[in-house]
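Student: Residue numbers (our numbering), protein chains in the order written: chain H, 783 to 1170; chain W, 5 to 272. The structure's right below; bear with me while I get my questions together.
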């Protein structure tokens, strides 16, 4: 898969400018097409992803203050709609819901078993405000769930029906490191429409470009004006400036090799002493895809259902093998998560599993910082004279 | 075939040991694609759950044999099934014992406990094509004589060598006592031209592979069958990871050249 460029522009399609009314028209146009529009909105002290009935529900004027184990929404002095970075949820909450019924089975009086596959007729989503890191995260989950020998058809049905409106980042958070992971702040491939928010003396507007024929068709139907040089330059400079204001960085080494070479590092003991193995990072991570299965019956015992639900490699049962867990220590479970995310994901699915969104840092109750751990492993490897 | 189970009927059950049974399954309607020795099915006990079980027999009519030790909730439910009962089956999944890789080689089949079950169809395939390879050696380890599987078949597997070692002999046991690797001295094979197929508890796999490498068998010619927790078998659930491997996809059969460094890391 292609790595998203950091600041280059997609020159393949004509761009245009939408104002706030244009954005509202976009939401209405998508709803008129029968789509469920999901986007960010300020609710319960956070920027959450929820169904939007109009663009007025976007978090105009709200920003976020992020740190390890810390998240606050803050009032901004301007009316920017997309000046927040990753929130507690990601698009996987919609594309790979927490619980999904896979099939049902019934046992007849003669003991015959009839199994019925679950029908896949999901909502036709439009996601408004997909950050470039999250756009990449969707592509990564596509590779896991659709790119192998076996396809997850339920995911495939939700995914192919989804219309993606990326919004480039001009306001990175203190926990962001998409530049290190090559996923932002400019939007990489995969969007139907990409927007860049511009807010200056010339007004509040969105530079828009289409990435697919459907995106072009939707854009063409909106009140708009041709892109002008001032808006283009402002958008370009804002994204470029964002690339220079990342709150975090990864060590600039081959992370896959670093993780493969540090399985016995002392640092794992250090982080294990802090890690609560609560699994918050795996729930918040936009690429973590692990699930488990649950088999249930009704009271008659003759109707059974198979459900899948999110699981976490921090759970002791995750690696259970006749008699006990393979990974019983917290050290081994944190190591599993980090080595998978940054290292063995490459072996399994051909890319890194980290997009640099920073959610795992923000939502860790004890503020464990994936970038700090990677730097520490790198330092330990250097001190031992190893590679990397 | 891989997402939703197909109903299969239990047509025969044969007790192997006090806690282990071999069940013969036939498709009720549709048949799964054909299995290769070493591959596994996800076997569903109605309302209880689903476990990975390697095929112990691949029958020409589409039927399958599974040898099941009733130790957990699902395996216990499968163990208790009687002829006429229906189970759900998904598969085939995973890598197989690569018998063509061993063309011309001596074959060394080393089993520990119920690890003999996934090796049984390999032994039968090798017996059916004796000209394709050198000498067939079958080395079987078990806790006690009472824990031996396929007792009435074992004697027919000596082409030329079949050895059995038990940890705890019982009265009248005349065979070897000790771990399965003690049989290696008796088995006629040329290490540099041998392919080994090893399945059993992980500690037995490591000890056997170490001994084989020591005797000069190439690491990539020591094929081992590994096990981790499996939920989906379609490489989507993440449970069966062993470092870079997803064992439902990249295993269960793995060359020891890849397995050795992974098994050397505690709690990987």
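Just so you know, even glycine gets a beta-carbon here, dropped at the ideal spot from N, CA and C.
Indicate, with yes or no, if the ligand NAD has a heavy atom lying under 7 Å from the CB of residue 225/W.
Tutor: Looking at this structure, you won't find the ligand NAD or any other ligand, since it has none at all.
Student: Would you mind reading off the limits of the alpha helix (DSSP H) that contains residue 835/H?
Tutor: No alpha helix (DSSP H) holds residue 835/H; DSSP gives it neither H nor E.
Student: Which parts of the region 99 to 131 of chain W are runs of the beta strand (DSSP E), unbroken and 3 residues or longer, counting only runs that do not cross its ends?
Tutor: 110 to 116
Student: I want to verify the contact list: residues of chain H whose CB lies under 7 Å from the CB of residue 52/W, in sequence order.
Tutor: Chain-ordered, the chain H residues with CB closer than 7 Å to the CB of residue 52/W read 1077.
Student: Have a look at the DSSP bridge pairing and note the partners of residue 976/H.
Tutor: 948/H, 991/H
Student: Please list the partners that residue 893/H has in chain W, where partner means a Cβ-to-Cβ separation under 7 Å.
Tutor: 88, 89, 90
Student: Check whether chain W comes within 8 Å of residue 1103/H, counting only Cβ atoms and requiring the distance to be less than that.
Tutor: yes
Student: For residue 231/W, decide whether its Cβ has a neighbour in chain H, counting only Cβ atoms nearer than 8 Å.
Tutor: yes
Student: Relative to the C-alpha of residue 1083/H, which residue among 891/H, 814/H, 796/H is closest?
Tutor: 891/H
Student: Shorter than 8 Å from the beta carbon of residue 791/H to some beta carbon of chain W?
Tutor: Confidence in residue 791/H is poor, its pLDDT being 44 and thus under 50, which makes the residue's placement too unreliable to answer from.
Student: Please name the residue, chosen from 6/W, 15/W, 20/W, 14/W, that lies closest to residue 153/W on a Cα-to-Cα basis.
Tutor: Nearest C-alpha to residue 153/W among 6/W, 15/W, 20/W, 14/W: 20/W.
Student: Going by alpha carbons, who is nearest to residue 817/H out of 1167/H, 1165/H, 946/H, 858/H?
Tutor: 946/H
Student: Might you give, ordered along the chain, the residues of its own chain that have their beta carbon closer than 7 Å to the beta carbon of residue 864/H, omitting 5 neighbours on each side?
Tutor: 911, 949, 979
Student: In chain H, what lies closer than 8 Å to residue 243/W by C-beta?
Tutor: 1072, 1074, 1093, 1100, 1101
Student: Identify every residue that forms a DSSP beta bridge with residue 1087/H.
Tutor: According to DSSP, which records beta bridges pairwise, residue 1087/H is partnered with 886/H, 1078/H.
Student: Would residue 1044/H pass as an interface residue toward chain W - the criterion being a Cβ-Cβ separation below 8 Å?
Tutor: Cβ-Cβ to chain W under 8 Å: no for residue 1044/H.
Student: Starting from residue 262/W, follow the alpha helix (DSSP H) in both directions and report where the run begins and ends.
Tutor: 260 to 267
Student: Quick check: the region 954 to 963 of chain H against the region 1133 to 1145 of chain H, are at least 3 beta-carbon pairs closer than 8 Å?
Tutor: yes
Student: Could you tell me whether the Cβ of residue 1135/H comes closer than 8 Å to any Cβ of chain W?
Tutor: no
Student: What are the uninterrupted segments assigned as alpha helix (DSSP H) that are 4 or more residues long and contained completely in the region 843 to 925 of chain H, given in chain order?
Tutor: 874 to 877
Student: Is the CB of residue 42/W under 8 Å away from at least one CB in chain H?
Tutor: no
Student: If I measure Cβ to Cβ from residue 833/H and keep anything under 8 Å in the same chain, skipping five residues before and after, which residues do I get?
Tutor: 818, 819, 820
Student: Rounded to whole angstroms, what's the CA-CA distance from residue 1112/H to residue 1119/H? Just pull it up for me.
Tutor: 11 Å
Student: According to the neighbour-count rule (16 or more other Cβ atoms, all chains shown, within 10 Å of its Cβ), is residue 1006/H buried or exposed?
Tutor: With 16 or more Cβ atoms within 10 Å of its Cβ, residue 1006/H is classed as buried.
Student: Quick one: is residue 927/H near chain W, going by C-beta distance under 8 Å?
Tutor: yes
Student: Consider the Cβ of residue 1159/H: report whether some Cβ of chain W lies at a distance smaller than 8 Å.
Tutor: no
Student: Does residue 786/H get closer than 8 Å to chain W when you measure Cβ to Cβ?
Tutor: Unreliable positioning characterises residue 786/H in this predicted model, as indicated by a pLDDT of 40, which lies under 50. The coordinate reading is nonetheless provided below. Residue-level contact check: residue 786/H does not touch chain W, since none of the beta carbons of chain W fall below 8 Å from its beta carbon.
Student: Give the interface partners of residue 1053/H over in chain W, defined as CB-CB distance under 9 Å, in chain order.
Tutor: Simply none; closest approach about 15 Å.
Student: Going by C-alpha to C-alpha distance, which of 986/H, 952/H, 919/H sits closest to residue 803/H?
Tutor: Closest option to residue 803/H, judged by alpha-carbon separation, among 986/H, 952/H, 919/H: 986/H.
Student: Which of helix, strand or coil does DSSP assign to residue 981/H?
Tutor: strand
Student: For residue 188/W, go through chain H and note every residue whose CB falls closer than 7 Å to its CB, in chain order.
Tutor: Within chain H, no residue comes near residue 188/W; the closest Cβ sits about 27 Å away, beyond 7 Å.
Student: Spatial neighbours of residue 906/H within its chain, please: C-beta separation below 7 Å, excluding the five flanking residues on both sides.
Tutor: 816, 817, 818, 943
Student: Rounding to the nearest angstrom, what Cα-Cα distance links residue 12/W and residue 1041/H in this structure?
Tutor: 44 Å
Student: Look up residue 1068/H in the DSSP assignment and say whether it is helix, strand or coil.
Tutor: Annotated three-state conformation of residue 1068/H is coil, per DSSP.
Student: With DSSP as the reference, please indicate the residues paired to residue 1051/H in a beta bridge.
Tutor: BP columns for residue 1051/H are empty, so no partner.
Student: Beta-carbon within less than 6 Å of residue 919/H's beta-carbon, same chain only, minus the 5 sequence neighbours each way: which residues are those?
Tutor: 1068, 1069, 1137
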